[in-house]
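If you read the sequence shown in UniProt numbering, its first letter stands for residue 1, the second for the next number, and so on. Beta carbons are placed, not taken as given, at the ideal position from N, Cα and C, and that holds for glycine. This one's a predicted model, so the numbers in the text were calculated from it and none came from an experiment. Since the structure comes first, as structure tokens, the remarks are kept for the end.
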Amino acid sequence: MTDEENRPVRRRVTLTGISSRAWEHPADRGALTALRELRGFDDVVKTFFGMWNERGFRLQFLAGAIRVDHRQYPRVYQRFTEAATTLDVVELPELYVTQDPIINGSAIGLDKPFIVVTTGALERLDDDELRAMLGHEIGHVRSGHAVYKTIMMILTRWAANLSWLPVGAIALRAIIAAMFEWWRKAELSADRAGLLAGQDPAASTRLLMKLAGGGDLSQIDTAAFLEQAAEYESGGDLRDSIHKIGMTAWSTHPFPVARAAELRKWIDSGAYAEILGGDYPRRDSDGDASVTDDVKAAANSYRETFNNSQDPLVGLLRKLGDGAADLAGSAARGARGWMGDASRRGRQDNDDN
1 MTDEENRPVR RRVTLTGISS RAWEHPADRG ALTALRELRG FDDVVKTFFG
51 MWNERGFRLQ FLAGAIRVDH RQYPRVYQRF TEAATTLDVV ELPELYVTQD
101 PIINGSAIGL DKPFIVVTTG ALERLDDDEL RAMLGHEIGH VRSGHAVYKT
151 IMMILTRWAA NLSWLPVGAI ALRAIIAAMF EWWRKAELSA DRAGLLAGQD
201 PAASTRLLMK LAGGGDLSQI DTAAFLEQAA EYESGGDLRD SIHKIGMTAW
251 STHPFPVARA AELRKWIDSG AYAEILGGDY PRRDSDGDAS VTDDVKAAAN
301 SYRETFNNSQ DPLVGLLRKL GDGAADLAGS AARGARGWMG DASRRGRQDN
351 DDN
């Protein structure tokens, strides 16, 4: 029997009425809530998206890929329906399989998003890992990430067209860099959705291991893989920190080891268990979401990451910040002392006169 056949069958909890806010990373959710509050913003984006023609994208896969249903790739369709049922998604997006040896998946479109997975994913992922991957893409669809990724596509094209104009290019590049940062957080959100869809932390970790090192895990150890994540986050010196910035600044996805570490932190925080226990926001309360609260949660998330990071550069910035605070405090105390002395001398001079 294979390892997959030997694994016990897990009974998944159906997360009735679950809102995408349940799995969205605070930095992702803060940006999404603020964007959703801009009246007409989605319509503007969709108007711009007309330049790319969503129907053309769908026709491309309709003509050159396999559309999954109970007759075509039934194994994939079964895992897809299981993930959707667990996340309480009634209307399934269209799902296509495209020829590509790399393990990958994507969610495309605005008005009627669809999902594409590669033949590499089908060949190299077992059922539990595939369910987690499909749940990841369903999470992207449910959170509406495709709408905002489109903004990034538009801005990227604008930046290329304005590359001859230094001021315009610099301003756009700053916006694009911020969008890339948001998209990396959106990937962390989708990883959480994938975990909730499969409710198997080991399978979600194996998926990320396969994304990092291919499909054969017979010579790969989970603990060692997570040790890599810890070393990546805290190891090295300032030169490594600068290299990390260059490696990630223009990337839409965090590295697999970093994603595994973030998912483990979320599990260890207790949030995952709370959701499985029924404590999660419902879709019918999405209208009550507070922009202020979500933006505060995003700020707190970044603050907590900064304060707890073991990265050498972040550590130096913390020390500089503490040093600046100490310097300012010393200067303030010195100024108060000098003013106090001057005041006492003034009173003494008046008394002498």
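For the putative contact between residue i and residue j, defined by C-beta atoms under 8 Å, what is the C-beta separation to the nearest angstrom?
| i | j | result |
| --- | --- | --- |
| residue 193 | residue 139 | 2 Å |
| residue 143 | residue 189 | 6 Å |
| residue 276 | residue 13 | 5 Å |
| residue 97 | residue 68 | 6 Å |
Please determine, among the options, the residue with the shortest C-alpha to C-alpha distance to residue i.
| i | options | result |
| --- | --- | --- |
| residue 11 | 101, 86, 113 and 232 | 86 |
| residue 108 | 132, 59, 223 and 285 | 59 |
| residue 125 | 285, 215 and 223 | 215 |
| residue 199 | 26, 274 and 232 | 274 |
| residue 66 | 84, 181 and 100 | 100 |
| residue 253 | 261, 184 and 218 | 184 |
| residue 118 | 76, 212 and 272 | 76 |
| residue 120 | 263, 28, 207 and 272 | 207 |
| residue 115 | 127, 84, 27 and 128 | 84 |
| residue 31 | 181, 131, 234 and 92 | 181 |
| residue 55 | 111, 231 and 285 | 111 |
| residue 129 | 62, 197 and 73 | 197 |
| residue 223 | 234, 257, 233 and 272 | 257 |
Using a threshold of 8 Å, state whether the C-beta atoms of residue i and residue j are closer than that.
| i | j | result |
| --- | --- | --- |
| residue 281 | residue 21 | yes |
| residue 88 | residue 205 | no |
| residue 187 | residue 283 | no |
| residue 265 | residue 103 | no |
| residue 134 | residue 80 | yes |
| residue 131 | residue 94 | no |
Starting from residue i, trace the alpha helix (DSSP H) in both directions and tell me its first and last residue.
| i | result |
| --- | --- |
| residue 95 | First-last for residue 95: 95 to 98, but that is the beta strand (DSSP E), not the alpha helix (DSSP H). |
| residue 81 | 74 to 86 |
| residue 138 | 127 to 143 |
| residue 201 | 201 to 213 |
| residue 124 | 119 to 124 |
For the beta strand (DSSP E) holding residue i, just list the boundary residues, first then last.
| i | result |
| --- | --- |
| residue 222 | Looking at the DSSP string, residue 222 is not in any beta strand (DSSP E); the run it does join, the alpha helix (DSSP H), is 222 to 234. |
Kindly identify the DSSP beta-bridge partner or partners of residue i.
| i | result |
| --- | --- |
| residue 108 | 114 |
| residue 282 | 18 |
| residue 275 | Answer by DSSP bridge pairing: none, since residue 275 is not bridged. |
| residue 267 | Answer is none; residue 267 lacks a bridge partner. |
| residue 66 | 97 |
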